[in-house]
Amino acid sequence: MRTNLILVGIGATTFLSRVLGQWSEVFVNGSVIFRGQDSWYHMRLVQVLIHNYPNYLHNDFFVNPMGQPPVGYPPLLTYLI
320 MRTNLILVGI GATTFLSRVL GQWSEVFVNG SVIFRGQDSW YHMRLVQVLI HNYPNYLHND
380 FFVNPMGQPP VGYPPLLTYL I
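Just add 319 to the spot in the sequence shown (first one is 1) and you have this note's numbering.
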């Protein structure tokens, strides 16, 4: 029981330090500022998922050009966003 509380405390501390440290850089004047390419890419996946729900993008042609093997990704993060 005590070990579980310690693990939850460590997890909460690391999560809060990660989120609160960048809160003012992401939310500016009522707008969301995406930082880096990954945030834009994941929001694009969310947009594609919304338009094609419940199907998600299995093969992204922006990531891998024609003739290349497909790059798969698990859609859990997209569903959570």
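The C-beta atom is built at its ideal place from N, Cα and C for all residues, glycine as well.
Here V345 is not near R337, since their CB atoms are 8 Å or more apart. W342 and Y375 have their alpha carbons spaced roughly 29 Å apart. 8 Å or more divides the Cβ of L364 from the Cβ of T322. In the displayed model, V382 falls within coil according to three-state DSSP, outside both helix and strand.
Distance from the Cα of I400 is smallest, within the candidate group H361, F381, N378, N383, for H361.
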